[in-house]
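S.K.: Please see the structure below; I have some questions.
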Amino acid sequence: AAKGAGRNRYSYFTPTLQVAALNRMRLTNDLRGALKAEQFELYFQPIVHLKSGRIHKAEALIRWNHPQRGVVSPLEFIPLAEASGLIVDIGEWVFRESARCVQRWRQQHHPEFQVSVNQSPLEFQREDGAYDAWLRYLQSLNLPGQSVVVEITEGLLLDANATVSNKLLQLRDAGIQVALDDFGTGYSSLSYLKKFDIDYLKIDRSFTRNLAPDSSDMALSDAIIVMAHKLGLRVIAEGVETPEQRDLLAAAGCDYGQGYLFARPMPAEQFDELLRQQAV
Ligand code: C2E
Ligand code: MG
Ligand code: MG
Ligand code: MG
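Going left to right, the sequence shown walks through residues 619 to 898 as mature numbering (1 follows the signal peptide of the UniProt record, and there is no 0) numbers them.
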């Protein structure tokens, strides 16, 4: 009977799996033409200095305007881009687009403005491609390495191989800073923090969400902030949605906040407008 049930379940699930696989194949195919067809768009979300309320930085977040499906989330297409190798060209596009924007914002808003770009683990671990090419591109725009921050995730540092260490050294040589994204979600080992040169910790929004005085997430956030500062890192809290969360984080000494309370991610032109309204 167990065998029969197993078979039934199998035949029941197969079509759904096929649909999902087919869907992924179609999306991957569409992804191949998306760069040329200019279907990608970079959105920017402000990162706010909590003490002054000023926008010091922005995170670049990619959007895919699919002609039939509308906006496809990076959570859906980045994994496909990684699996197909398209992530390399997409990542280069994100970097260049971000660099051109940060050039404008450094001129018009603040000379130390920074834009952070996300790099997925596979993207970061590529053997080819070196950050000196990025540095040359920045130099061609008259920008120092410090105008860009690369966001990577903890998992990369846990089983850091030679490629990962080497990439981190290249970044440091170029003056490009590094942020640890989604901090606190995965791992209990923190020893990599003293091993590698990291500039920012981004507290994951799962901590921010449940912040309340005397809550366990408050205790954890407090501890992360104290530890980060002792190690010389700055802290950015993700997913700040309420004034209460902002105030608790500010009181705990958190340096920066990012989230819907301040603004949702928006197209570059709209970000220009936001910066104009908020002159430094
Ligand atoms: P992430 O790097 O952790 O980015 C933060 C995500 O949280 C963004 O989702 C942002 O829109 C969302 N968010 C910001 N504030 C709030 C808030 O207050 N509440 C809530 N609920 N969410 C908030 P998004 O734009 O959908 O991006 C999802 C993920 O896709 C990113 O997570 C990042 O891992 C990846 N991603 C985005 N752009 C790129 C890219 O250019 N390259 C790579 N490799 N990955 C990217
Ligand atoms: Mg990020
Ligand atoms: Mg994040
Ligand atoms: Mg996150």
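Backbone N, C-alpha and C define an ideal beta-carbon position, used for all residues, glycine too.
May I have all residues whose beta carbon comes closer than 5 Å to any heavy atom of ligand 2, sorted in chain order?
M.R.: Cβ atoms closer than 5 Å to ligand 2 belong to 736, 769 and 799.
S.K.: Quick test of the definition: if touching needs 3 or more C-beta pairs under 8 Å, does the region 647 to 657 touch the region 683 to 701?
M.R.: Touching, yes, given that three or more Cβ pairs across the two stretches are closer than 8 Å.
S.K.: Measure from the alpha carbon of residue 772 to the alpha carbon of each residue in 870, 790, 813 and 744, then state which is nearest.
M.R.: Comparing Cα-Cα distances from residue 772 to each of 870, 790, 813 and 744, the minimum goes to 813.
S.K.: In the DSSP assignment, the beta strand (DSSP E) including residue 663 goes from what residue to what residue?
M.R.: Residues 658 to 667.
S.K.: Where do the ends of the alpha helix (DSSP H) carrying residue 707 lie?
M.R.: From DSSP, the alpha helix (DSSP H) with residue 707 extends over 705 to 726.
S.K.: Is it the case that the CB of residue 706 approaches a heavy atom of ligand 1 more closely than 7 Å?
M.R.: No, since every heavy atom of ligand 1 falls outside the 7 Å radius drawn around the Cβ of residue 706.
S.K.: By a C-beta neighbour count over all protein chains shown, 10 Å radius and 16 as the cutoff for buried, is residue 724 buried or exposed?
M.R.: When all chains shown are included, residue 724 counts as buried.
S.K.: Are the CB atoms of residue 880 and residue 858 within a distance shorter than 8 Å?
M.R.: Yes. Within cutoff.
S.K.: Quick one: any contact between the region 838 to 857 and the region 871 to 880, if contact means 3 or more CB pairs under 8 Å?
M.R.: Yes: at least three Cβ pairs fall under 8 Å.
S.K.: If we call anything under 8 Å between Cβ atoms a contact, is residue 735 one with residue 690?
M.R.: The answer is no: Cβ separation not under 8 Å.
S.K.: Below 8 Å on the Cβ atoms is my guess for residue 777 versus residue 795; work out the distance and round it to an integer in Å.
M.R.: So it is not a contact: roughly 23 Å between Cβ atoms.
S.K.: From residue 897 to residue 665, what does the alpha carbon distance come to, in whole angstroms?
M.R.: Whole-angstrom Cα-Cα distance: 15 Å.
S.K.: Alpha carbon to alpha carbon, what distance is there between residue 634 and residue 864?
M.R.: Looking at the two C-alpha atoms, the distance is approximately 43 Å.
S.K.: Starting from the N-terminal side, write out each stretch of the alpha helix (DSSP H) that is 4 residues or longer and does not extend beyond the region 748 to 773.
M.R.: Entirely contained in the region 748 to 773, the alpha helix (DSSP H) runs reaching 4 residues are, in chain order, 749 to 758.
S.K.: Could you tell me whether any non-hydrogen atom of ligand 1 is closer than 7 Å to the CB of residue 902?
M.R.: One cannot answer for residue 902 here, as it falls past the ends of the chain, which runs 619 to 898.
S.K.: Looking at the secondary structure, which residues open and close the alpha helix (DSSP H) in which residue 784 lies?
M.R.: That run of the alpha helix (DSSP H) goes 780 to 792.
S.K.: Answer yes or no: the CB of residue 763 versus the heavy atoms of ligand 5, is any distance below 7 Å?
M.R.: With respect to ligand 5, the structure shown offers nothing to examine, as its ligands consist of ligand 1, ligand 2, ligand 3 and ligand 4.
S.K.: Could you name the residues of the same chain whose beta carbon sits closer than 7 Å to that of residue 872, not counting the 5 residues immediately before and after it, in chain order?
M.R.: Correct list, in chain order: 668, 843, 853 and 855.
S.K.: Counting Cβ pairs closer than 8 Å, one from the region 751 to 769 and one from the region 710 to 726, do we hit at least three?
M.R.: Yes: the two stretches touch, three or more of their Cβ pairs being nearer than 8 Å.
S.K.: Is any heavy atom of ligand 1 found at a distance shorter than 7 Å from the C-beta of residue 839?
M.R.: Flag unset: Cβ of residue 839 not near ligand 1.
S.K.: Taking 7 Å as the cut-off, is the C-beta of residue 741 nearer than that to any heavy atom in ligand 1?
M.R.: It does: the Cβ of residue 741 is within 7 Å (strictly closer) of some heavy atom of ligand 1.
S.K.: Express the C-alpha separation of residue 637 and residue 894 in angstroms, rounding to a whole number.
M.R.: Cα to Cα, residue 894 sits roughly 47 Å from residue 637.
S.K.: Locate the alpha helix (DSSP H) running through residue 738, then write down its first and last residues.
M.R.: Segment: none, residue 738 is in no alpha helix (DSSP H) and carries neither H nor E.
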